[in-house]
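In what follows, a single structure is set out as C-alpha cells and then discussed.
There are 2 protein chains.
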Amino acid sequence: MTDEPTRRRPTLDEVAEHAGVSRTAASRVLNNAPNVSSGKREAVQRAIKELGYVPNPTARALATQQAGAVALIIAGEDPAVLADPFYGQVIAGASTALEETDLHLVLCLATSTRGQIRVKQLLQSRAVDGVMLMSLRGDDPLSQLALEAGVPAVFGGKPLHGHAPFYVDVDNVRGAREATEHLVSLGRTRIATITGPLDTDVGRARRRGYHEALTLAGLPYRAEVGGDFTERNGMAAMESLLTRHPDLDAVFAANDNMAAGALRVLHRAGRTVPSEVAVVGFDGLAISEIADPPLTTVHQPIRDIGREMTRMLLALIAGEKPSPLILPTTLIRRESA
Amino acid sequence: MTDEPTRRRPTLDEVAEHAGVSRTAASRVLNNAPNVSSGKREAVQRAIKELGYVPNPTARALATQQAGAVALIIAGEDPAVLADPFYGQVIAGASTALEETDLHLVLCLATSTRGQIRVKQLLQSRAVDGVMLMSLRGDDPLSQLALEAGVPAVFGGKPLHGHAPFYVDVDNVRGAREATEHLVSLGRTRIATITGPLDTDVGRARRRGYHEALTLAGLPYRAEVGGDFTERNGMAAMESLLTRHPDLDAVFAANDNMAAGALRVLHRAGRTVPSEVAVVGFDGLAISEIADPPLTTVHQPIRDIGREMTRMLLALIAGEKPSPLILPTTLIRRESA
DNA sequence: TTGTACGCGTTATCAT
DNA sequence: ATGATAACGCGTACAA
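Line by line, the protein sequences are chains Y and W. Just so it is clear: in the first sequence, position 39 is 39 by full-length UniProt numbering, and no numbers are missing. Just so it is clear: in the second sequence, position 217 is 217 by full-length UniProt numbering, and no numbers are missing.
Shown next, in the form of C-alpha cells:
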C-alpha cells in the first residue's frame with residue numbers, strides 16, 4: 001500500500017550505477033557474455049535483484065532488430081471459425097512449443113477486410129519475426145503477401161496453389177483412403193462422402209483419398225456433396241445426400257463436425273447407425289467421442305501440428321532450411337462404423 | 001523476381017529526403033498532425049507510396065512508451081483447456097474488438113510453471129499495454145501479479161478471492177437458478193447437479209443458483225457432485241450420481257461439456273431423456289445442439305464476453321474507470337428438458 | 001577484461 | 001508552420 005502505484009522501472013544504466021560498473025558490463029551480464037569478471041557479475045546481479053530490474057523488450061527489439069514474437073494467422077470467412085476446437089488445439093501446440101523460447105505468440109484473424117489489412121501491415125512492418133498461416137483458401141492473397149514480405153512463413157496445410165516451401169500437413173489422402181477402405185471392408189458398397197471446401201488442399205485431398213479407395217475396390221458408386229466443415233453444413237449435406245441417394249449405406253465425412261451433423265440427420269430420418277448407414281469422420285476431436293453413436297474417425301495429431309509448425313518456423317528464423325513435414329493419421333474405430 | 005529478396009525497408013528519414021522535407025514534417029504527416037502545409041503533406045504522402053514506406057512499430061513503441069498490444073492470458077492446469085471451444089469464442093470476440101484499433105493480441109497460456117514465469121515477465125516488462133485474464137482458480141498468484149505490476153487488467157469472470165476492480169462476467173447465479181426453475185416447472189422434484197470447479201467463482205455461483213431455486217421451490221432434495229468442466233468428467237460425475245442417487249429425475253450440469261457427458265452415461269444406463277431424466281446444461285456451445293437429444297441450456301454470450309473485456313481494457317488504457325459488466329444469460333429450450 | 005560511443009527508427013519538445 | 005535536437009532503453013563494434 002505504501003508503494004506508489006506506478007514507479008518508473010529502472011533502466012540498465014541505473015542498474016550499472018547501482019552496481020558501480022559500466023552499463024556495458026551490466027549488459028554483458030544480462031546476456032551472460034563470458035567476458036566479465038565474476039566480481040562485477042555478482043555486483044550486477046545483486047543490483048538487478050535489489051532494483052527489481054526487468055529489461056525493456058521494446059528497446060531490446062529495436063536494438064537487435066528482432067521483434068521477439070511470431071504470429072499465428074488464421075484465415076477464413078468468419079471469426080466463427082474459431083468456434084472449431086481444432087484451432088484451440090493448434091494454438092495449444094504452438095504455445096507449448098513457444099514456451100521453450102522467449103518469443104511471444106500474437107494471434108491474428110484475417111477474417112474481415114479490416115483484418116486482412118492489419119495482417120498485411122503486420123507482415124510489412126515486420127512486427128513479428130515469423131508467421132504461421134492456416135486455413136488459406138485457394139488463391140488467398142495472404143500466402144503471396146507473406147512470401148513477398150520476406151518474413152519467415154510456414155503454412156498449416158499445404159496451400160492449394162502456389163508452391164509453399166515450408167509447411168506442416170497430415171497425409172489427408174491416405175487418411176481418407178483408409179477411412180473409406182474401412183467402410184469397404186465392412187461390406188458397404190454405396191459409400192457417399194461429404195467433402196470439405198474444394199478450394200482448399202485438405203478438401204480436395206480427402207476427396208481424392210475417398211475416390212482412390214472406391215476405385216481400388218472397384219466400386220462405381222459415387223455420391224458426394226460439398227461442405228464447409230461446420231456441423232450445420234454437415235446436416236444440410238446429409239439431407240441432400242438422403243434425397244439424392246436414398247440407397248446409400250455409408251458416409252465418409254471430411255471432418256468430425258460434419259459427421260456429427262450427418263449423424264443427427266440420419267437419426268431423425270430413422271436410419272440406424274451403423275447397421276443401416278455406417279459413418280466415418282475425420283479429426284478425432286472430442287465431438288467424435290460425444291457423438292451418438294461415438295464416431296469412427298481418422299485421428300490427426302492436431303496439437304502436434306501446432307507444435308511442429310512452430311518448430312519449423314523457429315528453424316526457419318534460425319536460418320535453416322527445414323523440409324516440409326507430413327504427419328501421420330490413425331483410424332480410430334468406434335461404434336459408428 | 002528482379003527484386004532482391006530482402007531489401008532494407010525505408011526509414012522515415014529517407015521518406016523525408018525523397019519528399020524534400022524535414023523528417024519532422026514527415027512524421028507529422030504520418031500522425032496526421034494539423035500543422036503541416038498541404039503542399040508538403042502531399043509530397044510526403046507521395047514519397048511514402050513510392051518508397052513503400054511502413055513505419056517501424058518497435059521504434060514507435062520505444063518512443064511512445066506504448067507496446068501496441070494487449071495480452072489474453074488463459075490460466076488452467078493443462079494446455080488442453082483450449083480444446084474447449086469456449087475460448088475460441090472469447091478470442092474471436094476479443095479479436096474483432098481489437099480490429100477497430102491498432103493493437104495486436106498476444107496469447108499466453110499460463111498453464112505450466114514455465115508459462116507462469118513468462119506471464120510474470122510479460123507483465124513486469126510491460127511488453128503489453130494491458131491484459132485480460134481468464135479462468136483463474138481460487139488464489140491464483142496471477143491476479144495479484146497483474147495488479148502489482150500496475151498494468152491495466154480486466155478479468156474474465158469475477159475472481160473468487162481478492163477484489164478485482166474490473167471484470168466482465170455473466171449472471172451465473174441467475175442463469176443457474178432459471179435453469180433449475182425450469183426443471184422444477186417441469187414437475188421434477190429430485191433434481192441433481194454436476195457442479196463446476198468450486199475454487200472458481202463460476203463454479204460456486206452456478207451451484208448457488210441451483211440451491212436458490214431448490215430452496216425457493218421448497219425442495220429438500222440435494223444431490224451434487226463436482227466436475228471440472230470436461231465431458232469426461234461429466235460422464236464420471238453422472239455415473240457417480242446414478243449410483244448414489246438412483247432416484248433422480250433431473251440434472252443441472254454447470255456447463256454443456258459435462259451435460260453432454262452426462263447424456264451419454266444416461267443413455268448407456270438406459271434412462272431416457274427427458275422423460276425419465278431431464279438435463280439442462282450451461283454455455284450454449286455448438287455441442288449443445290449436436291448432443292442427443294439436443295440440450296436445453298443456459299446460453300451465455302461468449303463472443304460478447306471477449307468483446308466487452310477488450311472494450312473495458314481499452315477504456316482502462318485510455319485512463320477511464322469503467323464499471324464491472326454483467327452480461328445476461330438466456331435459457332434455450334431444446335429437447336433434453 | 002573493460003568501457004566509450006554510436007546506432008536502432010520514432011516521437012516529442014522547444015525554439016524559430 | 002517549421003525544423004533542429006533530445007529522448008526512448010538497449011546492443012555492440014571498436015579501441016583501450
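The C-beta atom is built at its ideal place from N, Cα and C for all residues, glycine as well.
| request: Determine the extent of the alpha helix (DSSP H) in which Y:G209 is found, giving its start and end residues. | output: If you number the first sequence from 1, residue 209 of chain Y lands on position 209. First-last of the alpha helix (DSSP H) with Y:G209: D201 to A217.
| query | Who are the Cβ neighbours of Y:M309 in its own chain at under 6 Å, not counting the five residues just before and after it? | reply | Position 309 of the first sequence, counted from the first residue, corresponds to residue 309 of chain Y. So the qualifying residues of the chain are M132, V154, G156 and V168.
| Contact check, W:L123 vs W:A92 under 8 Å by CB: the rounded distance? | Numbered from 1 along the second sequence, position 123 holds the residue referred to as residue 123 of chain W. Numbered from 1 along the second sequence, position 92 holds the residue referred to as residue 92 of chain W. At roughly 24 Å, the Cβ-Cβ gap does not stay under 8 Å, so W:L123 and W:A92 are not in contact.
| What residues in the stretch 251-270 of chain W bring their beta carbon closer than 9 Å to a beta carbon of chain Y? | N257, A260, G261, L263, R264 and H267
| request: Taking W:I191 and W:F282 to be in contact with their CB atoms under 8 Å, please state how far apart those CB atoms are, rounded to whole angstroms. | output: Position 191 of the second sequence, counted from the start, is the residue given in the question as residue 191 of chain W. Position 282 of the second sequence, counted from the start, is the residue given in the question as residue 282 of chain W. No, W:I191 and W:F282 are not in contact; Cβ-Cβ is about 14 Å, not under 8 Å.
| task | Return helix, strand or coil for Y:E100, following the three-state DSSP convention. | result | In the first sequence, residue 100 of chain Y corresponds to position 100, counting from 1. Reduced to three states, the DSSP call for Y:E100 is coil.
| Does the beta-carbon of W:D140 have 16 or more other beta-carbons within 10 angstroms, so that it is buried, or is it exposed? | Here residue 140 of chain W corresponds to residue number 140 of the second sequence, with the count starting at 1. W:D140 should be labelled buried.
| said: Within 10 Å of its beta-carbon, does W:L216 have 16 or more other beta-carbons around it, so buried, or fewer, so exposed? | reply: The residue you call residue 216 of chain W lines up with position 216 of the second sequence. Under this definition W:L216 is an exposed residue.
| query | Name the chain W residues whose beta carbon is nearer than 7 Å to that of Y:L105? | reply | As a first step, residue 105 of chain Y must be located in the first sequence, where it is residue number 105. Here the neighbours are V106 and L107.
| query | Where does the unbroken alpha helix (DSSP H) through W:E42 begin, and where does it stop? | reply | For the purposes of this step, residue 42 of chain W is taken as residue 42 along the second sequence, with counting starting at 1. Looking at the DSSP string, the run of the alpha helix (DSSP H) that includes W:E42 is S38 to L51.
| message | Let me see if you follow: with CB-CB separation under 8 Å, is W:P152 close to chain Y or not? | response | As a first step, residue 152 of chain W is located in the second sequence; it is residue number 152 there, counting from the start. Cβ-Cβ to chain Y under 8 Å: no for W:P152.
| query | Which residues of chain Y have a Cβ atom closer than 9 Å to the Cβ of W:V54, listed in chain order? | reply | Along the second sequence, one-based indexing puts residue 54 of chain W at 54. Simply Q121, Q124, S125 and R126.
| said: I want to check one thing, is the minimum distance from the CB of W:D129 to the heavy atoms of the ligand HEM below 7 Å? | reply: This structure lacks the ligand HEM, and indeed carries no ligand of any kind.
| According to DSSP, what are the bridge partners of W:F155? | In the second sequence, residue 155 of chain W corresponds to position 155, counting from 1. Note: W:F155 sits in a beta bridge opposite W:L133 and W:Y167.
| Straight-line gap, W:Y63 to W:A205 (C-alpha atoms, nearest Å) | Numbered from 1 along the second sequence, position 63 holds the residue referred to as residue 63 of chain W. Numbered from 1 along the second sequence, position 205 holds the residue referred to as residue 205 of chain W. The amino acid occupying residue 63 of chain W in the given sequence is Ala; Tyr does not appear at that position. Their Cα atoms are separated by approximately 45 Å.
| request: Can you tell me which of Y:A291, Y:D256, Y:M258 and Y:D247 puts its alpha carbon nearest to the alpha carbon of Y:R271? | output: Residue 271 of chain Y sits at position 271 when you count from the first residue of the first sequence. Comparing Cα-Cα distances from Y:R271 to each of Y:A291, Y:D256, Y:M258 and Y:D247, the minimum goes to Y:D247.
| Same chain, Cβ closer than 8 Å to W:L198, five either side skipped, listed in chain order | Position 198 of the second sequence, counting from 1, holds the residue named residue 198 of chain W. Once the five neighbours on either side are set aside, the close Cβ partners of W:L198 are R204, R207 and G226.
| Which two residues bound the contiguous beta strand (DSSP E) that contains Y:L58? | Residue mapping note: residue 58 of chain Y aligns to position 58 of the first sequence, counting from 1. It should be noted that the sequence gives Thr, not Leu, for residue 58 of chain Y. No beta strand (DSSP E) contains Y:T58, which is instead part of the alpha helix (DSSP H) from P57 to T64.
| Under a CB-based cut-off of 8 Å, is W:R114 close to chain Y? | As a position in the second sequence, residue 114 of chain W is number 114, starting the count at 1. W:R114 counts as touching chain Y.
| query | Nearest-angstrom Cα distance between residue 346 of chain Y and Y:L313? | reply | Any answer about residue 346 of chain Y is impossible in this case: the structure gives chain Y only from 1 up to 337.
| message | Which same chain residues end up closer than 6 Å to Y:T296 when comparing Cβ atoms and leaving out the 5 residues on each side of it in sequence? | response | Numbered from its first residue, the first sequence carries residue 296 of chain Y at position 296. Only V280, R333, R334, S336 and A337 meet the Cβ criterion.
| said: At 4 residues or longer, what runs of the alpha helix (DSSP H) sit wholly inside the stretch 252-283 of chain W? | reply: Counting only runs of 4 or more, we get 256-268.
| task | Please report the residue range of the beta strand (DSSP E) in which Y:A33 lies. | result | Position 33 of the first sequence holds residue 33 of chain Y. Counting along the chain, Y:A33 falls outside any beta strand (DSSP E), and DSSP gives it neither H nor E.
| message | Please report whether the beta-carbon of W:I73 lies at a distance below 8 Å from any beta-carbon of chain Y. | response | As a position in the second sequence, residue 73 of chain W is number 73, starting the count at 1. W:I73 does not count as touching chain Y.
| For the alpha helix (DSSP H) that Y:T329 lies in, which residues bound it at each end? | What you label residue 329 of chain Y is simply residue 329 of the first sequence in a count that begins at 1. Careful: Y:T329 lies outside any alpha helix (DSSP H) and carries neither H nor E.
| message | Can you tell me where the beta strand (DSSP E) holding W:G150 begins and where it ends? | response | Counted from its first residue, the second sequence places residue 150 of chain W at position 150. From DSSP, W:G150 is part of no beta strand (DSSP E); its letter is neither H nor E.
| field | chain W contact for Y:I191 (CB, 8 Å cutoff) | value | For the purposes of this step, residue 191 of chain Y is taken as residue 191 along the first sequence, with counting starting at 1. Y:I191 does not count as touching chain W.
| task | Would you mind listing the alpha helix (DSSP H) stretches within the stretch 281-310 of chain Y that are 4+ residues and don't spill past its ends, in chain order? | result | 286-290
| field | Contact residues within the stretch 85-101 of chain Y, judged by C-beta distance below 7 Å to chain W | value | P85, Y87, G88, Q89, I91, A92, S95, T96 and E99
| field | Within chain W, partners of Y:R118 - CB distance below 7 Å | value | The count along the first sequence starts at 1 and reaches residue 118 of chain Y at position 118. Simply E99.
| query | Cα separation between W:T200 and Y:E224? | reply | Locating residue 200 of chain W in the second sequence gives position 200, counting from the first residue. Locating residue 224 of chain Y in the first sequence gives position 224, counting from the first residue. Each residue's alpha carbon lies about 47 Å from the other.
| beta strand (DSSP E) segment containing W:E224, residue limits | Here residue 224 of chain W refers to the residue found at position 224 of the second sequence. Start and end: E224 to G226.
| field | Alpha-carbon spacing of Y:P5 relative to W:G150, whole angstroms | value | Numbered from 1 along the first sequence, position 5 holds the residue referred to as residue 5 of chain Y. Numbered from 1 along the second sequence, position 150 holds the residue referred to as residue 150 of chain W. Note on Y:P5: pLDDT 47, under 50, position unreliable in the model; no value is reported.
| request: Give me the Cα-Cα distance between Y:G175 and W:R222, rounded to the nearest whole angstrom. | output: One-based indexing of the first sequence puts residue 175 of chain Y at position 175. One-based indexing of the second sequence puts residue 222 of chain W at position 222. The alpha-carbon atoms of Y:G175 and W:R222 are separated by roughly 48 Å.
| said: I'd like to know if the stretch 29-38 of chain Y and the stretch 71-89 of chain Y are in contact, where contact means that at least 3 CB-CB pairs between them fall below 8 Å. | reply: no
| message | Counting only Cβ pairs nearer than 9 Å, list the residues of chain Y close to W:E14. | response | Within the second sequence, residue 14 of chain W is the residue found at index 14, counting from 1. Under the 9 Å cutoff, chain Y gives no residues; its nearest Cβ is about 16 Å from W:E14.
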